Every structure is written in C-alpha cells, then in structure tokens.
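J.: Chains as they are written, first to last, in my numbering: chain S, 2 to 133; chain X, 2 to 133. Below: one structure in structure tokens.
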DNA sequence: TAAGGTATGATAATGATAATCATTACTGCA
DNA sequence: TGCAGTAATGATTATCATTATCATACCTTA
C-alpha cells in the first residue's frame, strides 16, 4: 500500500517545504547530506517519483535539461529567455477554468500544470539583432 | 549575421514542416539520413538551437527527459499521465491575452509558450488507488 | 525470533546533449 | 579567378542527469 510515506519521502517533503522553491534532485541530495543524515541519490530520485505520483510534488524541466521539483503549488509560472536562460516568475494564471473542464471532459485527475513562456529578454534581443 | 539560414537549418525546417508533428533531435537525425544526404547529429542539435533562437522552432521536454521540436505553432498543448506517460492533446488555450500583456509588461519578446497538465489518466488512477 | 516484503545505498549503465577539433564550404576582395 | 578569413559541418568524445541493478538493512506480522 503506497499511502504510507517513507522516511526519506518525509524528509524530502519537509525540506521542500522549508525551502519553498524549486530544487533539482542533485541539489536536494547535497542539501539533505548537509542537514542531517544523508540519503542516497537513488532514493532521492525514487522518493521524488513517488511523491509526484502521490500528487504532492511537481516537476518541470529547465532549459539545461535538469528537472526541478517543488511542492505542488498553484500558479508559479515562468518566462524564460532562450538565450541567457534568465527565468522570471509571473503570477497571473488563466488556466483554472480550463483545468476544471479538462478534469471532467478528459477523465484525468489533474495534479498540476506547467505554463511557461519562451522568448528573448530585451537585453538578449538586442544582442541578437545586432548579430553579436 | 545570423538572419541567413544554413542549408542544414533549411533542411530541418522543411522536414519539420512536412512532418507537422513534434520530433526528437535523435529521430530527426535518423529521418534526415533516410531522406537525402545525411546531416551530422551535432549539426542537428546546433540547427535546432539556432532555429529556436530564431523563433521559428519550439521545444518541449517529454517525461523521459528528451526534448521534442516542432515549428512554432499556437495552442498545441498536452495532458500527460505521470504514470503511464500517455499524452493527449488539448485544443483550448486561455493564455493569449496574458501573453500579450507579458510581452509589454515584462519587456520580453515571447516566441511561444508551453502549457501542460499532469496527473493520472483514469486507468492509472484506478491501479494507483488499488495499490497495484 | 523468523520470514517476507519493502526501502535503501553504492555503483554501474544508459542516453541525450554539449564540447572539441580537424576539415570543408562559403564570403568578400584583390 | 585565386586567396584569406570566417562560419559550418561531422566524427568523435566528454558530460551529466537519470535509471537500473543488486546486495544489504529494516520493518511488520505471525
């Protein structure tokens, strides 16, 4: 029965809560190691996977390919520069109604969503146009 | 000056257009190889990067970590099952207004956005609850 | 305490992407 | 047309996050 949470899962959950921000599995591993007794890297990945399936943790993939995790929270979205990778948070989020609709029309239990905008920040756009 | 497109870039662009669907860099590499004269894998990656920066190609990352590319197109979003990976397309998209706002308020030139919902499809939710 | 199952951790394997570097194609100019 | 300099290409290697493996430790229940 997977309703029970593992000790590692609890630790990770707690740390994620304390941090209040996204963090990669690798960084989590290091962080846990600093704090108290360490947790194996494999276990970090396993726990994150389980928590994700449990609907309490969400993940998104950064431009460099690594995934970052956080507690499921509504409306933390981003605007990311394709050139320099700068990522600024945005707070508006117009997808709630849609989410509710989808949940019934598509017969999916939706845990979370990601919404990301990609383009060029003004600085990079300049450089880009200049042909730098 | 990077306004000019490379031959490889043109080939890739054309193939993406013909395909009309998302495809990974690796698959593109194989595909190009089948069609005409091959293009090196490194060049595939470089070209995709350039086209992305040029605002004509968009990318998103699959659950398994690989990135898929397609021509920039509005409103091709997905609903993905965290368990089995099933990914069903959705056609509604409520973010246009927000995108327009952001473009001015955040001083970003936005090329495209991704919007993805994650959860469990009804089948997997059953299995999950059953503790399989 | 013993048995069965699950969780864990160290480590190796995988696989996509990025870096390297020598070679080739292209550009503008004499 | 020939040259020089620059950008593009491709084969290959390096990197690095993630997964798989497998033996050990733990926990629950009888």
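Ideal placement from N, C-alpha and C gives every residue a C-beta, glycine not left out. Given the structure is predicted, the values throughout are model-derived calculations rather than measurements.
Rounding to the nearest angstrom, what Cα-Cα distance links residue 48 of chain X and residue 30 of chain X in this structure?
T.: Within the second chain, residue 48 of chain X is the residue found at index 47, counting from 1. Within the second chain, residue 30 of chain X is the residue found at index 29, counting from 1. About 11 Å.
J.: Determine the closest residue to residue 96 of chain S out of X/5, X/118 and X/65, with distance taken between C-alpha atoms.
T.: The residue you call residue 96 of chain S lines up with position 95 of the first chain. Ranking X/5, X/118 and X/65 by Cα distance to residue 96 of chain S puts X/118 first.
J.: Mapping DSSP to helix, strand and coil, what is residue 89 of chain X?
T.: Numbered from 1 along the second chain, position 88 holds the residue referred to as residue 89 of chain X. Reduced to three states, the DSSP call for residue 89 of chain X is strand.
J.: Counting only beta-carbon separations shorter than 8 Å, does residue 70 of chain S have a partner in chain X?
T.: Taking the first chain and counting its residues from 1, one reaches residue 70 of chain S at position 69. Chain X, which has no Cβ nearer than 8 Å to the Cβ of residue 70 of chain S, makes this no.
J.: What are the start and end residues of the alpha helix (DSSP H) that includes residue 49 of chain X?
T.: Position 48 of the second chain, counting from 1, holds the residue named residue 49 of chain X. Where residue 49 of chain X is concerned, the enclosing alpha helix (DSSP H) stretches over 42-54.
J.: Which of the three DSSP states is assigned to residue 18 of chain S in this structure?
T.: On the first chain, position 17 is the one that residue 18 of chain S refers to. Residue 18 of chain S falls in the helix class under three-state DSSP.
J.: Can you have a look at residue 35 of chain S and say buried or exposed, based on whether 16 or more other CB atoms are within 10 angstroms of its CB?
T.: Mapped onto the first chain, residue 35 of chain S falls at position 34. Result: exposed.
J.: Which residues bound the alpha helix (DSSP H) around residue 105 of chain S?
T.: One-based indexing of the first chain puts residue 105 of chain S at position 104. Residues 97-106.
J.: Mapping the DSSP letters down to three states, classify residue 110 of chain X as helix, strand or coil.
T.: As a position in the second chain, residue 110 of chain X is number 109, starting the count at 1. Note: residue 110 of chain X maps to strand in three-state DSSP.
J.: Can you give me the Cβ contacts of residue 43 of chain S inside the same chain, cut-off strictly under 8 Å, excluding the 5 residues immediately before and after it?
T.: As a working mapping, residue 43 of chain S is identified with position 42 in the first chain. Result list for residue 43 of chain S: empty, nothing under 8 Å.
J.: Looking at residue 111 of chain X and residue 104 of chain X, is the spacing between their C-beta atoms short of 8 Å?
T.: Translated into positions along the second chain, residue 104 of chain X becomes position 103. Translated into positions along the second chain, residue 111 of chain X becomes position 110. Cβ atoms of residue 104 of chain X and residue 111 of chain X: closer than 8 Å.
J.: Should residue 17 of chain X and residue 88 of chain X be called a contact, given that it needs their Cβ atoms to be closer than 8 Å?
T.: If you number the second chain from 1, residue 17 of chain X lands on position 16. If you number the second chain from 1, residue 88 of chain X lands on position 87. In this structure, residue 88 of chain X does not lie closer than 8 Å to residue 17 of chain X by Cβ.
J.: If we count the other Cβ atoms within 10 Å of its Cβ and call it buried at 16 or more, is residue 12 of chain S buried or exposed?
T.: Stepping through the first chain from its first residue, residue 12 of chain S is reached at position 11. Residue 12 of chain S comes out buried.
J.: Report all residues from its chain with a CB closer than 6 Å to the CB of residue 122 of chain S; omit the five preceding and five following residues, and keep chain order.
T.: Locating residue 122 of chain S in the first chain gives position 121, where the first residue counts as 1. Contacts found: 82 and 87.
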